[in-house]
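Below: the structure, in structure tokens.
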Amino acid sequence: MTQRIVIPFGPQHPVLPEPIHFDLVLEDEHVVEALPTIGYVHRGLERLIEKREYPEYVYIVERTCGICSFIHSLTYCQGIEQIMGIEVPERAHFLRTIWSEYSRLHSHLLWLGCFADGIGFENLFMGAWRIRESILDVLEQTTGGRVIQSSCKVGGVRRDISAEKLDQMARDLDGIQKEIEDLTTVFLQDDSIRHRLKNVGVLSKEDAYHLGAVGPTARGSGVAIDLRQTGYAAYDKLHFEAVTEKDGDCYARCAVRARELFTSIDLIKQAIAKIPEGPVDIKVTGAPNGEYFSRSEQPRGELVHYLRGNGTKFLARSRIRTPTLTNVPPLVKMIQGCELADVPVIILSIDPCIGCMER
Amino acid sequence: MKYEAQTTTLVEVGRLIGRVEQFRSDGCRLVQISATKNGEMYEINYSFDKDYKFENIRITIPIDQEVPSISGMYWGAFVYENEMHDLFGIQVKGINIDYKGNLIKTTIKYPFGAGAVLKGEKP
Amino acid sequence: MNELLFLIGFPAIIAILMLFIHKDKLRNYIVIPSAVIIGVASIWLLISCFNKNTILYAFPFEPASKIMYIIELLLAIFILYLGIKYRKTLTVALVLIQAGLLVFFETYLSSGMHPENNLFVDQFSIIMAMIIGIIGSLICVYALGYMDTYHKHHTEVKDRKNIFFFILFIFLSSMFGLVFSNNLLWVFFFWEVTTICSFILIGYSQTPEATNNAFLALAMNLLGGVAFMVALIYIGIIDPSGKLLELNTLIMSGQAIALVPAVLICFAGITKAALMPFSSWLVGAMVAPTPVSALLHSSTMVKAGVYIIVRFSPVLAGSLEGFLIALVGGFTFLLASSMAISQSNAKKVLAYSTIANLGLIVACAGIGTYKLMWAAILLIIFHAIAKSLLFLCVGTVENRIGSRDIDDMSGLIVRMPKIAVMMFIGIAGMFLAPFGMLISKWAAIEAFIVAPLGLLFVAILAFGGSITVFFWAKWMGKIISVPQVMERIEDTVTKEKWAVLYILAGLTVVVCLIFPLISSVLVEPFILNIYGQTAQLAQANITIMVMMLFLLMIMPFSMLFYRDGQKYVGPYMGGMTTTPTMQFTGAMGTVRDTTMGNYYLKNYFGEDKLFMIGTVLCLGILIFAVILTAGVVL
Amino acid sequence: MIPIVNAIIYILLAPIIGGLVAGIDRKVTARMQGRVGPPLLQPFYDVGKLFEKETVVVTISQNFHVLSYLVFMAVSGALFFSGGDFLLVIFAFTLSHIFLVLGAYSSYSPYSHVGAERELIQIIAYEPMIILTAVGMYLVTQSFNISDIIASSVPVIMYLPGVFVGYLMVLTIKLRKSPFDLSTSHHAHQEIVKGVTTDFSGPNLAKIEIAHWYEYVVLLGVVYLFFGFNPIIAIAAIIIAYFLEIVIDNTFSRAKWQMTLKTAWLIAGAIGIVNLATLYYLRGGVWL
Amino acid sequence: MAFFEMAKTAIKSLIHCPATIRYPFQPAKKTPISRGHVIIDASRCISCGTCQRKCPSQAILLNKEAKTWQIDRFRCIVCNSCVETCPAKCLVMDTQYTAPVTKKSVEIVTITYVKPPKPAPATAAAGGEAKT
Amino acid sequence: MTYLSKSPWILHYDASSCNGCDIEVLAALTPVYDVERFGIVNTGNPKHADVFLITGGINSQNVEIVKNLYEQMPNPKVVVAIGICAASGGVFRECYNVSGGIDTVIPVDVYVPGCAARPESIIDGVVTALGILEQKKLAMNVNPGTGKKSPGET
Ligand code: SF4
Ligand code: SF4
Ligand code: SF4
Ligand code: SF4
Ligand code: SF4
Ligand code: SF4
Ligand code: SF4
Ligand code: SF4
């Protein structure tokens, strides 16, 4: 009997910026067994709900994850607003949408970079993150924070963006779009990359759907789930289509994200063109009583905040179901039988965000 | 801004599997499973979605009651069910990949469960 | 001549003695001194004959030949009986054909033959005699201890040690006979005896697998025997006087006459040397107790095959047939090296490596320029020493840890440090500069490049040589990768075993150091004698090699400097903490062992696929060569 | 005498040149990525730093393997620059690499282990091509001796364009540049962390680094041989070749081992051998 | 076969100026609303304690008796909550981030606000607003 | 002046952070901030690292990991706690699973505040750490030979 190689892959591992662990069992470089261990980032923040009043809990919620921090706060606020029946001013909805899409841009670029790093393409990593800095600049100029925006609140948003700034943002986006085009061409055309991504980590459409894949992981397999279609925030006033690819391999998931960058740019431009004038928040009084599953589309897919109020300032339960958590079963399926070199590629291809997955 | 319509149906524990099977055969996907402590009872929500139509079924169980696993129908349910076990202490019977309490290791046992004592709190 | 007769006769006498000794103690008392005597005798042969080129001895032909004829017929009957008993139709058929041919030869042809110089000795024979006499008898000594343990572990195998040692010494005797006979008929006799010896040794454990493999070996070697016999008949027909039966005359007689028998005998040599497509018998022979493997691989049997081919090399040189034979060797080298990558069984790795190296030797001999012949002889010498050392090391390890799997040898450097170091030397001897095998390969490259059609072989060497690096290096790696805490378990190895291993390990190094001497005293005169010119390595390179060797020997002392001031930490495990025995708590809370297997790249270097390719390729070439030869004859 | 002087000069100067090359490499790479990059002398700072660190080992024999790696790398380079036999240089080169591999094996970390196995795959991938390079040089100049090859004023490159292409690929592997940075990598992160060097630290790692520098100089020295007829062209060729390697490094993702092996053997087998066969034919050898 | 897709960008970057901001030799990127650290105008703090209550990270500790306002900068997550909720508008978010330190410490400020004797509190607050 | 300060190699580990600080650490490596200007390389391997950049408030499962990584770094080494979580546990300080700051597990040399810590701030933090690294090196010269043999070693 030849021996197998057992590799503790993670929790600390340079291709995984976040801690997660796999017991990899290899024959040569063929993965015959891969079981994940999670829990390295579990903080237990959902129980802080009992110690923070619901308006302050936004600050906790947006620190579920530093990448789509804004969308967490948005989803939470929308949930509370629904329970309390608050009508948020229209301009606030548009601003939320704009910031959401900027978050998506920065998240996707970040992912493209990490992904390039995972397949050993350093220059591309640098390229993606260089472009991402211009997105972060916009976020900082409009919210005061690079990664933690602190701009959403129950009842609207904390800050407005001036008309001139909005114009300038729309203009800058053209330049960014050009740079992103160059970047994504490399991702989608270069044969050394295709060799690493094509037919790697294939997830069939049926598996994707029934294993609970969401976001680009699902869309890469041809399952067109995109919660923005439900028309929350200002998405009901904007036009876009869910980006899908058929093949279900790493390349398809990469292509979905690459193409979504352009959807986001387009959505931002539409929103800037259509944004109405008016106030950006309303005063909120009282306390939520009721429950709601607030859903939204994060860069990684469908996010669910289950909120349950009991009429006091402290909620009874907040449960955050993040896209990464539900993308783990498909990941476990995909990783069986791949090559060692594919392991980081496949793991990264679901764009795992352990921070929010474990809360 | 649109809020989506959501329905929540109460189901008896015994009929849970039947209902879930129905969702599966209707082509719904499993959105999430989550537990909530409600007094001396646990509520467990199973949420499904098909074409953006959100449906939720809910069972209510006493703290020490076992629930059946739905991982036979939805393979991926094991993450939620293990999580539910690790955080609430709810026993789930027949999970396909049973971590036996090792999915999320916590400083205190069943931090969301009845009687969990948080930091800085007195028992 | 007395030395020759002594070397042939003495082991035979000891062999017969062995048959009647059942007491282990007593056997030890006889085997060890006689091994020493054989070794000393072969050294004596060296001292007395090294400067005399070819010496021919006129040993009376008739009576000896008659005895051999009778023995051969008896052996044929013996095999026939076994073949029928085990229902091996192929074997039976081959024995019948061979015996038929033999009877034909003896009745119709041999009467008029009067070869005179039936025994001879030259530098090449001396080299072979040294290999047989020293390495072979060392293996016999080693076998004493090994067989004890073997029977303790394998109680199901009937203890037939007396027969075992009987055959072992017969083997040595017949090998001596083979290299000292100048009469092809006699060569054939000894040839057949080695075949049957190996047959019995391979089947020693009498398990179904062993029996099958023994018959496989037998069948393939009988096939070679048939070819040999045909060659003899051919010679008998073209030269009824029997003068051409004398090896030296035949070789001198030039291609026009000697090519056909040469090709046939080389075919026999290819079966015996287990080149593709006949490699499977040698791999199958691994079921035998390890000393047998060591013997077959290093000093006897397969060496008989290449010996005869190298002998005929001057005849082959420059002919298309020679090129084809070389091609078989070349492909065997490439493919067998590749197959070795996919093996985790240490003995199989050794087997494939042997096959590969024999392939290389045959490739050299087939092209047959003087430089290549020089390289071929060097390969024979270095291979014999390093390979026997390795087999015996594996045997010792196997005796102790109960596995011959390389993956199970991890941490051997801690568990059995002395053996591990010796194994290291053996492995290094097989593929690293400045050790012997590498010197020989280097010589081969430099020789092929100026040989006709050489580029192909240079390419084969370039690829095959680097492939070799892979499987040896990963083996070395396994030995020194230590899963933290391990206990030392080598104290039970017996004194004789140690002695044998020390001598062989010492030889591996020393022969490298004195190889310029060996080359100038034995190999170069021999080649000069045949070709009128000879090859040698440039003086500067030799100096550098020797310096490297010294450097290699000094380097380990650097460890002394590192004894203090070191901080020890566990290996990097992705942040996981490990126990001293390298376990960590993995997913689902299970405790896992950190195991590490080597790579086998089965999809690329898998045995089955490559063996198919090799068989088709080499069989095709051989058939072509046979048709070509037949064309010449008709 | 001259050979020994050359060897000594090599042993003293090669680390300096190699370190500078590494520094330039990092600087140019950084600029290709739109960054400023480290100072030119950064590799020296790194090595200096590593020597200042404490020695942490998993097993004591690691020290021995690394030292041997360094020593034999220097030896093979010295052989090269003293005009020795090309094949011997290659064998010494292999020997030193085996020590690196053994060092990796000795640490019993799965990451180094996989790195070691991959390093071996790389060795079998590139070695045939290096030997064919030597053979090509022989066919052109009728000698394996570096001194003779240099001395002959034949424009080797004219006869061996295919071999040169093959050699460039070997260079990519040996310089551990993407796409062939399988076993350990200077840059982007790898699934096997740092592969063979994972469990080396401090002074040991510094020695590996210095050995790399020695190696760079030898490898670039071989490029020189192709253009040996004119030193200026040769230096230019070295610069261009190295620049090309940097560009390749920056425009490829990492290949898997299967791809590496296939590409290397295909290029060595196809381009290299065809080139040599043609040459053989031209030189009046029989076919092949 | 499409290789060297990245070459264009790589060569372009090589000959162009790097994107790097040479911090600390060049000033850091900052915007007028960048959240750096909270500063207090101790002369206007009315010791109401709102900031302490609204701080999600409990970085602020107000001691009414000792008249001190204390901030632990190693707890403050610069969320701006205190600044937004302070009724006296005496807290400001400065754009300069807190410098790294080797020892954690808290910053204690003595509140120097003196209640204006006569006018009613409402007017005082209004006055404060008028000033800004 | 030693070479240590010219070539600080970092190891980054996310010990239960929200990612905010981690992506800022990564951002510091990328073109706009390019810490390689200071010779900083993100090694991803404790055995090569001099500076341990650690984010997050450390949950129970991470305690052993962090200690292990710290242990595997050769001396002299410094630990830089990046972000408020790493300094004190931050907003999650009261969470049941957060031990509250890196200094509850291993000694911390530099605290870099911010939520998330900005890349410039991280640069400042590493620069501060270099001074400490130098001091530690000097202390090591004064008191060398800390190495000891582990049991079972040959
Ligand atoms: S979000 Fe997760 S995957 Fe992406 S960069 Fe951060 S840690 Fe890595
Ligand atoms: S999915 Fe990841 S990126 Fe998105 S909010 Fe969650 S943690 Fe952040
Ligand atoms: S080691 Fe194994 S094969 Fe050898 S004798 Fe013992 S049991 Fe038999
Ligand atoms: S560690 Fe390597 S891949 Fe990561 S940013 Fe630095 S140079 Fe790039
Ligand atoms: S701006 Fe400066 S660095 Fe950039 S290209 Fe011009 S001179 Fe060079
Ligand atoms: S900025 Fe936020 S965290 Fe900091 S003191 Fe104010 S409220 Fe507290
Ligand atoms: S700072 Fe503002 S909120 Fe805080 S106590 Fe003073 S006045 Fe009240
Ligand atoms: S300090 Fe803030 S940004 Fe950093 S990890 Fe903690 S919560 Fe996230």
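Protein chains in written order, with our numbering: chain A, 1 to 359; chain B, 1001 to 1123; chain C, 2001 to 2634; chain D, 3001 to 3288; chain E, 4001 to 4132; chain F, 5001 to 5154. Where is the CB? At the ideal position from N, CA and C, for every residue including glycine. Because the structure is a prediction, the values reported are computed rather than measured.
- If you check the C-beta of Thr230 of chain A against ligand 8, you find no heavy atom less than 7 Å away.
- DSSP places Tyr4023 of chain E in the coil class of the three-state scheme, outside both helix and strand.
- Proximity of chain D to Thr2594 of chain C at the Cβ level (cut-off 9 Å) is accounted for by Tyr3108, Ser3109, Pro3110, in chain order.
- At a threshold of 7 Å, Ile5084 of chain F counts as near ligand 8, since its beta carbon sits closer than that to one of the ligand's heavy atoms.
- Bounds of the beta strand (DSSP E) holding Thr1007 of chain B are 1006-1010.
- Judged by beta-carbon spacing, Lys198 of chain A lies beyond the 8 Å limit of Asp117 of chain A, meaning their Cβ atoms are not closer than that value.
- In summary, His2114 of chain C is exposed, with fewer than 16 beta-carbon neighbours lying within 10 Å of its beta-carbon over all protein chains present.
- At a C-beta separation below 9 Å, Ala5027 of chain F has no neighbours in chain E, since its nearest C-beta there lies roughly 11 Å away.
- Closest by C-alpha distance to Ala92 of chain A, out of A:Val186, A:Thr185, A:Ile275, A:Leu211, is A:Ile275.
- Of all residues in the segment 3025-3058 of chain D, those with a C-beta nearer than 7 Å to a C-beta of chain A are Met3032, Gln3033, Gly3034, Arg3035, reading in chain order.
- Gln229, Thr230, Gly231, Tyr232, Ala233, Ala234, Asp236: these are the residues of the segment 228-250 of chain A whose beta carbon lies less than 8 Å from some beta carbon of chain B, given in chain order.
- Excluding five sequence positions before and after His4037 of chain E, the CB atoms of its chain that fall closer than 6 Å to its own CB belong to Asp4094, Thr4098, given in chain order.
- Around the beta-carbon of Met2553 of chain C, fewer than 16 other beta-carbon atoms lie within 10 Å, marking it exposed.
- Secondary structure at Arg2404 of chain C: coil, using DSSP grouped into helix, strand and coil.
- Secondary structure at Tyr1099 of chain B: coil, using DSSP grouped into helix, strand and coil.
- Taking every protein chain shown into account, the CB of Asp4072 of chain E has 16 or more other CB atoms within 10 angstroms, so this residue is buried.
- When A:Glu27, A:Thr322, A:Ala316 are compared, the shortest CA-CA separation from Pro288 of chain A is found for A:Ala316.
- Setting aside the 5 residues that flank it on each side, Asp3249 of chain D is surrounded in the same chain by Lys3177, Ser3178, each with a C-beta closer than 6 Å to its C-beta; the list follows chain order.
- In terms of Cβ geometry, Asp226 of chain A and Ala242 of chain A form a close pair [threshold 8 Å].
- Counting C-beta atoms within 10 angstroms of its own C-beta, His2383 of chain C has 16 or more neighbours from the protein chains shown and is therefore classed as buried.
- Contacts with chain F at 8 Å (Cβ-Cβ) do not include Lys1037 of chain B.
- Residue environment for Tyr2307 of chain C: buried (at least 16 other C-beta atoms within 10 angstroms of its C-beta).
- Counting C-beta atoms within 10 angstroms of its own C-beta, Pro279 of chain A has fewer than 16 neighbours from the protein chains shown and is therefore classed as exposed.
- At a cut-off of 8 Å between beta-carbon atoms, Asn3250 of chain D makes contact with chain E.
- Using a Cβ distance threshold of 8 Å, Asn2345 of chain C and Asp2405 of chain C count as a contacting pair.
- Taking CB atoms only, Asn1056 of chain B has no neighbour in chain C less than 8 Å away.
- When C-alpha distances from Gly2620 of chain C are compared across C:Leu2324, C:Tyr2604, C:Ile2032, the shortest belongs to C:Leu2324.
- Taking C-beta separations shorter than 7 Å and ignoring five residues to either side along the sequence, the partners of Leu2185 of chain C in its chain run Ser2065, Leu2232, Leu2245, following chain order.
- Counting C-beta pairs with one atom in each stretch, the segment 3159-3179 of chain D and the segment 3116-3134 of chain D have three or more that are closer than 8 Å, which means they touch.
- Using a 10 angstroms sphere on the CB of Lys2161 of chain C, the tally of other CB atoms reaches 16 or more, which defines it as buried.
- Residue side-chain check: Ala5129 of chain F keeps its Cβ at 7 Å or more from all non-hydrogen atoms of ligand 6.
- Judged by DSSP in its simplified three-state form, Asn3145 of chain D adopts strand.
- One Cα belongs to Ser3201 of chain D, the other to Val3057 of chain D, and the distance between them is close to 7 Å.
- Ligand 8 has a heavy atom closer than 7 Å to the beta-carbon of Ile148 of chain A.
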